[in-house]
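Report on the following structure.
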């Protein structure tokens with residue numbers, strides 16, 4: 004039996020963020036597509052689609068920045084988060 008870590012090494016993951024749309028409640032959502040491909044059988048592809056808000060990406064960036072900081076990577080700059088652009092302006 005293989006561990007979850009070993010099974011994860013057998014997979015390649017690809018992510019795309021597309022189709023920004025204005026939600027009826029006024030905020031912007033983005034289509035996030037995750038494709039998981041088996042390295043052993045490249046024809047075995049799983050696709051997962053979720054819709055995420057700008058604030059979800061901002062929260063993820065903050066969490067990744069904190070991990071970076073906790074790894075004592077002070078000599079390496081962590082990229083800043085991109086500013087939001089309002090539709091129609």
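Numbering (our numbering), first residue to last: 4 to 92. Heads up, the beta-carbon is just placed ideally off N, CA and C, and yes, glycines get one too. All of these numbers come straight from a predicted model, not from anything done at the bench.
According to DSSP, is residue 6 part of a helix, a strand, or is it coil?
Residue placement at residue 6 cannot be trusted, given a pLDDT of 49 that sits under 50; what the coordinates show is reported in the next sentence. In this structure, residue 6 counts as coil in the three-state DSSP scheme.
Determine the closest residue to residue 56 out of 81, 69, 20, with distance taken between C-alpha atoms.
20
Identity of the residue in 23, 36, 14 nearest residue 44 by Cα
14
Within this structure, are the beta carbons of residue 18 and residue 32 separated by less than 8 Å?
no
How long is the line joining the alpha carbons of residue 73 and residue 80, rounded to whole angstroms?
13 Å
Could you have a look at residue 60 and say whether DSSP puts it in helix, strand or coil?
helix
Segment limits, beta strand (DSSP E) that includes residue 33
31-41
Tell me the DSSP bridge mates of residue 17?
38
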